[in-house]
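Visitor: Attaching a single structure in structure tokens format; questions to follow.
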Amino acid sequence: MKGGITSGTVYPLAMVELAKKFRFANIGGTSAGAIAAAAAAAAEYGRLVEGAGFERLEKVPQEVGPELLSMFQPSPALKPLFSMFVAALRANGAIERTFAIFAAALRGYRFAALLGVAPGVIIAVIALLWCAWGWFFFGVLAAVVGLMAALAWRLQKATNTELPANDYGLCPGIRQSSPAPDGFTDWLALLIQEAAGRKQDDPPLTFGDLDAPPDGAPAINLAMMTTSLMEERPYTLPMQNERFSFRISEWRKIFPKEVMDFLIANGRPFEVENDEKEDFFYFPERSKLPVIVGARMSLSFPVLISAVPLWTRDFTLRTEDDRQTLRRCLFSDGGLTSNFPIHFFDHLFPNSPTFAISLDDFDAARNYSHVWLPASPRSGSQLPILPFSGLGSFLLRLLYSAKDWQDNLQSTLPGYRERIVHIALKPDEGGLNLTMNKQTVARLVGYGQQAGIKLRDDFDMNEHRWRRFLVSMARMEQSLDEVAAAYEQVPGEFGDFLDRYLKDAKPYKSPEEPGHRPPYSQDTKARVEEMLRRAGQLVALGKDWRAKPTIRDGDIPRPATNLRITPKY
């Protein structure tokens, strides 16, 4: 499921409709899609519990509609900035937006505004009493300049000091004062518990629970994306390493008390050579990682939602002291690196459908309706031409192109495109529109329900498997041909290289044949011989598959594909 902040309101009823025909074995998403994925996984876990499961998920739209804005609660110091942001969302037109933002800044930073305007006002009042009109106008001008300077100084402090101190997000995610309603993290944590058939004070649902549902039900594989800003790379959650630790004092600001109590009770302290070592814990292993933690790490939309801090060592540094010092890493929105992770749960030969829901921009010249599924094998193979105007739009398009090109191309491939249902949204629907009214939210919920029905009733699994078979066979034929060509290529045939390398380097352990043993050498001669035998089989198969007619010369779905070795993240 694709990210999209408030656009995620389309997902709950889509999941409900699909659950009427399918069980969810693999569920994945990014950002707002991660919220829906977490809720759907919990609902699948609690499917057989009365009042839980998808029955609980069906109630989500009624909760989100009237409470959407109240779930986004800024830190006290950043409340004026948040008010300016909301004022800009509610205004219509550039002029109204400018006045709304200015008024919100005056309300939020009134003390600074009073200090800035005070000298000019004093001069103007004294000049008025003495009928010194020149000084009066000078005082008025000084008051205006002082006001603007004071607001500029206060905004500079908010953006350069207070926002970074809150990990570059206005809203931490949890309730910011006792009389306030739940923040979005509080609400989502409770939704996950209730959908799973648990109470709020029960242990939080973990990825380990999903791996072993009650009553022998099949495992539920949940995956989400997050982005490490300091490393400039994505991670798939749950992470499969022990590099990272979290700090209790920092995570208490972004996770509910029940979650933190569980993490501390079930966590493993991370040994650090300082006076605060008891404050650090290893990032939880899969079996003990609460689902809410993964969802929160994926939905950290920059500036609106605080990033999630983790700590690790940097072994690229030169000195041992530097390498052993913990470095702070911020994890932000998974959509920065993969906003539509359709590659999750991919198989060459699928035996069950893997659906995807994409959020697009509505265009009356292109879209007959807000919800559509490719109607023919060749539809969905082209990307829309989306114009833009102005420098701001140009810069945004540069950013979107850099981060989304891989997801966009992946979604046009045969075997992918026919299982993607598209929901086209207008500018006032979803996205950053935190102030949507009940009617707009209900409309988005309806789009999601239509999307679920289309996937449930219109998707043809047999045709999908046939097309995927054709694409996979053509791709394997091409790859085997390339393997065979590498062994035959002159100069530098790969087969001759292996013969020379194995003769000179002696890569396996052998007391009878001493010699240097390079990195990644194998531990037995039998293992090396088996690798060579299998490589020879691949070469022979590649040569055999060159016989005409080749698979690639047939009527194969387009565009063509690539096979690459890429890191698992």
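The sequence shown begins at 2 in our numbering and counts up one residue at a time.
For each residue, glycine too, the CB sits at the ideal point set by N, CA and C.
#1: Determine the direct distance from the alpha carbon of arginine 98 to that of alanine 151, and round the result to whole angstroms.
#2: Looking at chain B, is there any beta carbon in it that lies within less than 9 angstroms of the beta carbon of tyrosine 521?
#3: Measuring alpha carbon to alpha carbon, tell me which residue in Pro182, Arg111, Pro204 is nearest leucine 156.
#4: For arginine 559 and serine 380, which I take to be in contact (beta-carbon distance under 8 angstroms), what is that distance rounded to the nearest angstrom?
#5: In angstroms, rounded to a whole number, what distance separates the CA positions of lysine 404 and isoleucine 124?
#6: Hey, which unbroken runs of the beta strand (DSSP E) at 3 residues or more fall wholly within the region 247-335?
#7: Bridge partners for tryptophan 467 per DSSP, in chain order?
#8: Let me know if tyrosine 369 comes out buried or exposed under the rule of 16 or more other beta-carbons within 10 Å of its beta-carbon.
#9: Check whether the region 340-347 and the region 15-31 touch, using three or more Cβ-Cβ pairs below 8 angstroms as the test.
#10: Find out if the Cβ-Cβ distance for the pair alanine 220, leucine 206 is shorter than 9 angstroms.
#11: Buried or exposed, going by whether 16 or more other CB atoms sit within 10 Å of the CB of cysteine 132?
#12: Using a threshold of 9 angstroms, state whether the C-beta atoms of alanine 15 and glutamine 450 are closer than that.
#13: Which of the three DSSP states, helix, strand or coil, is assigned to serine 390?
#14: What did DSSP end up calling arginine 155 once you bin it into helix, strand or coil?
#15: Three or more C-beta pairs closer than 8 angstroms, one from the region 285-299 and one from the region 319-330: is that the case here?
#16: Taking the beta carbon of valine 145 as the centre, do at least 16 other beta carbons fall within 10 Å, making it buried, or is it exposed?
#17: Report the start-end ranges of each beta strand (DSSP E) in the region 390-469 that is 3 residues or longer and not cut off at the edges.
#18: Starting from glycine 29, follow the beta strand (DSSP E) in both directions and report where the run begins and ends.
#19: Assuming tyrosine 12 is part of the alpha helix (DSSP H), what are its boundary residues?
#20: Just checking my contact of alanine 487 with isoleucine 552 at CB under 8 angstroms: how many whole Å lie between their CB atoms?
#21: Report yes if the CB atom of aspartate 408 is closer than 9 angstroms to the CB atom of asparagine 340, and no otherwise.
#22: Quick check on the burial criterion: 16 or more other C-beta atoms within 10 angstroms. Buried or exposed for alanine 308?
#23: I'd like the list of long-range same chain contacts for valine 61, defined as Cβ closer than 6 angstroms, with 5 residues on each side in sequence excluded.
#24: For aspartate 168, count neighbouring C-beta atoms within 10 Å of its own C-beta (all shown protein chains included) and say buried if the count is 16 or more, exposed if not.
#25: With C-beta atoms as the reference, is leucine 192 less than 9 angstroms away from alanine 43?
#26: Rounded to whole angstroms, how far is the Cβ of alanine 35 from the Cβ of methionine 225, which I believe are closer than 8 angstroms?
#27: For the putative contact between alanine 39 and leucine 223, defined by C-beta atoms under 8 angstroms, what is the C-beta separation to the nearest angstrom?
#28: On the DSSP bridge list, what partners appear for cysteine 132?
#29: Does the contact criterion of 3 or more C-beta pairs under 8 angstroms hold for the region 75-89 versus the region 167-186?
#30: With the cut-off set at 9 angstroms, would you say serine 359 and valine 422 are in Cβ contact?
#31: How many angstroms separate the CA atom of aspartate 183 from the CA atom of serine 71?
#32: Could you say which of Arg565, Asn434, Asp262 lies nearest to isoleucine 6 if we only look at CA atoms?
#33: Bridge partners for arginine 111 per DSSP, in chain order?
#34: Roughly how many angstroms lie between the CA atoms of valine 87 and threonine 436, to the nearest whole one?
#35: Please report the distance separating the alpha-carbon of alanine 53 from that of glycine 47.
#36: In terms of DSSP beta bridges, what is asparagine 161 paired with?
Guide: In brief:
#1: Taking the first residue of the sequence shown as position 1, residue 151 is located at position 150. Taking the first residue of the sequence shown as position 1, residue 98 is located at position 97. Computed Cα separation, rounded: 21 angstroms.
#2: Checking the listed chains, one finds no chain B in this structure; it contains a single protein chain.
#3: The residue labelled residue 156 in the question sits at position 155 within the sequence shown. Residue Arg111 holds the alpha-carbon nearest to the alpha-carbon of leucine 156 among Pro182, Arg111, Pro204.
#4: Working through the sequence shown from its first residue, we reach residue 559 at position 558. Working through the sequence shown from its first residue, we reach residue 380 at position 379. Cβ-Cβ separation between arginine 559 and serine 380: approximately 12 angstroms, too far for a contact (criterion under 8 angstroms).
#5: As a position in the sequence shown, residue 404 is number 403, starting the count at 1. As a position in the sequence shown, residue 124 is number 123, starting the count at 1. It is roughly 54 angstroms from the alpha-carbon of lysine 404 to the alpha-carbon of isoleucine 124.
#6: The beta strand (DSSP E) runs lying completely inside the region 247-335 and spanning 3 residues or more are 281-283, 304-306, 309-314, 327-334, given in chain order.
#7: The sequence position of residue 467 within the sequence shown is 466, counting from 1. Bridge partners of tryptophan 467: none, in fact.
#8: Residue numbering aside, residue 369 sits at position 368 when the sequence shown is read from its first letter. Exposed, because fewer than 16 other Cβ atoms sit within 10 Å of the Cβ of tyrosine 369.
#9: The region 340-347 and the region 15-31 touch, with no fewer than 3 CB-CB distances between them shorter than 8 angstroms.
#10: In the sequence shown, counting from the first residue as 1, residue 220 sits at position 219. In the sequence shown, counting from the first residue as 1, residue 206 sits at position 205. The Cβ-Cβ distance between alanine 220 and leucine 206 does not fall below 9 angstroms.
#11: One-based indexing of the sequence shown puts residue 132 at position 131. By the 10 Å Cβ count, cysteine 132 comes out exposed.
#12: Working through the sequence shown from its first residue, we reach residue 15 at position 14. Working through the sequence shown from its first residue, we reach residue 450 at position 449. Contact: yes.
#13: Translated into the one-based positions of the sequence shown, residue 390 becomes position 389. Note: serine 390 maps to coil in three-state DSSP.
#14: Within the sequence shown, the letter at position 154 stands for residue 155. Assigned with DSSP and collapsed to three states, arginine 155 falls in helix.
#15: The region 285-299 is not in contact with the region 319-330.
#16: Here residue 145 refers to the residue found at position 144 when the sequence shown is read from its first residue. Classification for valine 145: exposed.
#17: Entirely contained in the region 390-469, the beta strand (DSSP E) runs reaching 3 residues are, in chain order, 421-426.
#18: Translated into the one-based positions of the sequence shown, residue 29 becomes position 28. 27-30 is the extent of the beta strand (DSSP E) around glycine 29.
#19: Here the question's residue 12 lines up with position 11 in the sequence shown. It spans 12-20 - the alpha helix (DSSP H) in which tyrosine 12 sits, taken as one unbroken run.
#20: As a working note, residue 487 is residue 486 in the sequence shown. As a working note, residue 552 is residue 551 in the sequence shown. In fact, because the Cβ distance is near 20 angstroms, the residues do not count as touching under 8 angstroms.
#21: Position 407 of the sequence shown, counting from 1, holds the residue named residue 408. Position 339 of the sequence shown, counting from 1, holds the residue named residue 340. For aspartate 408 and asparagine 340, yes; Cβs fall inside 9 angstroms.
#22: Position 307 of the sequence shown, counting from 1, holds the residue named residue 308. Buried, because 16 or more other Cβ atoms sit within 10 Å of the Cβ of alanine 308.
#23: Along the sequence shown, one-based indexing puts residue 61 at 60. Within the same chain, Pro13 come within 6 angstroms of valine 61 by CB-CB distance, once the 5 residues on both sides are set aside.
#24: Walking along the sequence shown from the start, residue 168 turns up at place 167. Aspartate 168 is buried by the Cβ-count criterion.
#25: Within the sequence shown, numbered from 1, the residue matching residue 192 stands at position 191. Within the sequence shown, numbered from 1, the residue matching residue 43 stands at position 42. Yes, these two residues count as a Cβ contact at 9 angstroms.
#26: The residue given as residue 35 occupies position 34 in the sequence shown. The residue given as residue 225 occupies position 224 in the sequence shown. For a cut-off of 8 angstroms, the C-beta gap from alanine 35 to methionine 225 is around 4 angstroms, short enough to register as a contact.
#27: For the purposes of this step, residue 39 is taken as residue 38 along the sequence shown, with counting starting at 1. For the purposes of this step, residue 223 is taken as residue 222 along the sequence shown, with counting starting at 1. Taking 8 angstroms as the upper bound for CB-CB distance, alanine 39 and leucine 223 are in contact here, some 7 angstroms apart.
#28: Within the sequence shown, numbered from 1, the residue matching residue 132 stands at position 131. Partner residues in a beta bridge of cysteine 132, as assigned by DSSP, do not exist.
#29: When Cβ pairs closer than 8 angstroms are counted between the two stretches, the region 75-89 is seen to touch the region 167-186, the count reaching three or more.
#30: Numbered from 1 along the sequence shown, position 358 holds the residue referred to as residue 359. Numbered from 1 along the sequence shown, position 421 holds the residue referred to as residue 422. A contact, by the Cβ cut-off of 9 angstroms.
#31: Within the sequence shown, the letter at position 182 stands for residue 183. Within the sequence shown, the letter at position 70 stands for residue 71. Distance from the CA atom of aspartate 183 to the CA atom of serine 71, rounded to whole angstroms, is 8 angstroms.
#32: Your numbering for residue 6 matches position 5 in the sequence shown. Nearest option by C-alpha distance: Asn434.
#33: The residue labelled residue 111 in the question sits at position 110 within the sequence shown. Answer is none; arginine 111 lacks a bridge partner.
#34: Here the question's residue 87 lines up with position 86 in the sequence shown. Here the question's residue 436 lines up with position 435 in the sequence shown. Take the alpha-carbon of valine 87 and the one of threonine 436: they are about 8 angstroms apart.
#35: Mapped onto the sequence shown, residue 53 falls at position 52. Mapped onto the sequence shown, residue 47 falls at position 46. Distance between the alpha carbons of alanine 53 and glycine 47 is about 6 angstroms.
#36: Here residue 161 refers to the residue found at position 160 when the sequence shown is read from its first residue. As DSSP reads the structure, asparagine 161 sits in no beta bridge.
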